[in-house]
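Structure, as structure tokens:
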Amino acid sequence: MVKLARAFYEQQDVCKIAKSLLGKVLVTQFNSLRTAGIIVETEAYAGVTDKASHASNGRRTARTEIMYADGGVAYVYLCYGIHHLFNVVTNKKDVPHAVLVRAVEPVEGIDVMMERTGKIRFDHTLTAGPGSLTRALGINTRHTGVVLDGDVIWIEDAPKIPSAQIIAGTRVGVAYAKEDALLPYRFSIRNNPWVSKGKGLDQIPV
DNA sequence: CCGTCGATCTCCT
DNA sequence: GGAGATCGACGGG
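Quick note: the first sequence uses my numbering, first residue 6, plus one each step.
Dropping the structure here:
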């Protein structure tokens with residue numbers, strides 16, 4: 006398996022990257038404990054011009070500073086004080102684009118994921134939803150800034166998912182972003198059972 | 001099946 | 001002080 010290289014994340018079209026990431030494999034390895042899942046749902050956040058982005062209007066805080074780094078590092082932030090949400094920073098330095106990974110299909114280390122989450126049943130709730138997949142994969146805010154071409158968190162290449170198998174919709178939980186809440190920046194693999202049930206996903210062909 | 005609510009960090013008003 | 005790129009427990013229908 007080939008790790009996605011820096012150049013992949015430095016691409017300028019964040020929606021194209023969000024779609025390209027579908028089908029690829031997100032891997033974490035901590036102290037030889039390896040867990041991995043196929044990315045089945047993503048959302049694009051288009052930087053300073055996107056009212057739903059943490060970097061909207063050029064906003065810069067200690068938390069969001071990493072979004073301004075060159076593409077290919079992790080941005081993990083705490084949501085609602087509890088959930089750790091994993092994003093990949095994209096585009097060039099000072100262009101704060103990012104892709105939120107919203108759901109994965111478990112493929113490796115499932116026993117470890119069950120232990121980390123305390124789940125009894127093996128079903129989609131293990132890794133469907135941005136806060137759930139980080140718990141299963143062991144990702145937390147300490148991983149902000151981790152390089153994605155390293156050996157702790159990375160994404161392995163896989164054949165491109167055909168456009169006909171991708172659906173787009175509006176992003177979840179961004180009503181406050183007004184007109185930008187209507188942008189079709191959420192992408193998922195059609196009919197994949199591991200996609201989250203979050204509201205907002207219209208069945209729009211890409 | 002569905003609505004409500006608590007958890008409790010970061011940032012803005 | 002309040003809301004948020006959320007989730008799961010709980011109670012009612």
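A virtual CB, placed ideally from N, CA and C, is assigned to each residue, including glycine.
All of these numbers come straight from a predicted model, not from anything done at the bench.
With DSSP as the reference, label residue i as helix, strand or coil.
i, result
"Asp116", "helix"
"His59", "coil"
"Lys21", "helix"
"Val151", "coil"
"Glu184", "helix"
"Ala12", "helix"
"Ser201", "coil"
"Ala141", "helix"
Between the Cα of residue i and the Cα atoms of the options, which residue gives the shortest distance?
i, options, result
"Lys24", "Thr47, Tyr82, Gly134 and Glu15", "Thr47"
"Ala103", "Ala141, Phe127, Ile22 and Ala133", "Ile22"
"Val100", "Tyr14, Arg191 and Val152", "Tyr14"
"Val81", "Phe35, Trp199, Val152 and Leu38", "Val152"
"Cys20", "Met119, Ile125, Ala180 and Thr95", "Thr95"
"Trp159", "Asp18, Gly77, Arg65 and Arg126", "Gly77"
"Thr40", "Ala108, Glu120, Val7 and Glu113", "Glu113"
"Val7", "Ala163, Ser168, Leu131 and Val211", "Ala163"
Below 8 Å on the Cβ atoms is my contact criterion, and I expect residue i with residue j to pass it. Report the Cβ-Cβ distance as a whole number of Å.
i, j, result
"Thr149", "Ala79", "6 Å"
"Gly203", "Glu110", "Between Glu110 and Gly203 the Cβ distance is about 16 Å, and since that is not below 8 Å, they are no contact."
"Lys98", "Ala74", "6 Å"
"Thr122", "Arg140", "5 Å"
"Ala10", "Asp154", "6 Å"
"Tyr133", "Val177", "Per the sequence shown, the amino acid found at residue 133 is Ala instead of Tyr. Not a contact, Cβ separation roughly 12 Å."
CB-CB under 7 Å to residue i, same chain, minus the five flanking residues each way: which ones, in chain order?
i, result
"Ile166", "Leu27, Gly28 and Ile194"
"His216", "Residue 216 cannot be examined here, being either before or after the span of the chain that is shown, 6 to 211."
"Ser61", "Val53 and Asp55"
"Cys84", "Leu90 and Gly136"
Among the residues of its own chain, which have a CB less than 8 Å from the CB of residue i, if the five just before and after it don't count?
i, result
"Val106", "Leu26, Leu31, Ile44, Glu46, Thr47, Phe91, Asn92, Val93, Pro135 and Leu138"
"Lys183", "Lys56"
"Gln170", "Ile194 and Arg195"
"Phe35", "Gly143 and Val157"
Could you pull out every residue in the same chain whose Cβ sits closer than 6 Å to the Cβ of residue i, ignoring the five residues on either side in sequence?
i, result
"Gln16", "Ile22"
"Met38", "According to the sequence displayed, residue 38 carries Leu and not Met. Excluding positions up to five away in sequence, the list reads Val117."
"Gly237", "Nothing can be reported for residue 237: it is not among the residues displayed for the chain, which extend from 6 to 211."
Could you tell me which whole beta strand (DSSP E) segments of length 3 or greater appear in the region 67-138?
79-84, 88-95 and 102-113
Going along the chain, which unbroken runs of the beta strand (DSSP E) with 3 or more residues stay wholly within the region 23-56?
30-35 and 38-50
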